[in-house]
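Novice: Residue numbers for the sequence shown follow numbering that gives the first Met the number 0, so the first one is 0 and each next one is one higher.
Quick reminder that beta carbons are idealized off the backbone N, C-alpha and C, glycines included.
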Amino acid sequence: MKTPRDLLLARHHPATPQLDAMRAQALAAAFPNTRAPRPATARIRDWWQELFWPARRAWLGLAAVWVVILGSQLARTERGHAEHFASVPAPVLQQLLREQLRLRAELLDDLAPARPVPRPSHLLDPRRSEISRPFPVA
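1. Which same chain residues end up closer than 6 Å to residue 41 when comparing Cβ atoms and leaving out the 5 residues on each side of it in sequence?
2. Might you give, ordered along the chain, the residues of its own chain that have their beta carbon closer than 8 Å to the beta carbon of residue 73, omitting 5 neighbours on each side?
3. Can you grab the Cα-Cα spacing for the pair residue 48 / residue 54, in whole Å?
4. Going by beta-carbon coordinates alone, are residue 14 and residue 1 separated by less than 9 Å?
5. Can you tell me whether DSSP reads residue 65 as helix, strand or coil?
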C-alpha cells in the first residue's frame, strides 16, 4: 500500500523539470557573478603571478645582477689570459720566480726558531711518578 507521501510525489512528478528551471533562474538572479570552473592554465598563471608579482622589484634586481655577471663572464675570454702570459719573455719570468723563492726563504727563516733551548738539569731527572718499580711478589 502506498503512503500519502508517495501519492503526492507521483502526482507532482511531471512538474520536476519546470521546478528545476525556476530554481536555476532564481539562483542566476541571486548570484550573477558566479564563474564557471577555471581551466588549469588560468590557475597556473594565477599561481605564477602570486609568486612573482609581490616581489617583482627583488626578482628584477636579481635578474639584472645575473645579466651583469653573465656579461662580464662573456667579456672575459680565456685567450686574454693566455696572451698575457705569452707576452712575458721566459728569462724574465724565470728571474722573477727565482726572486720570489729567495724572498720566501728569507721570510720563512725569520719564522723558524734558531736553536732549541736546552732543558735545565732538574728537569732531566725522572720524577717519582715516572719511575716504574715492579711490585714485590709475595
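Specialist: Taking the geometry as given:
1. none
2. none
3. 10 Å
4. no
5. helix
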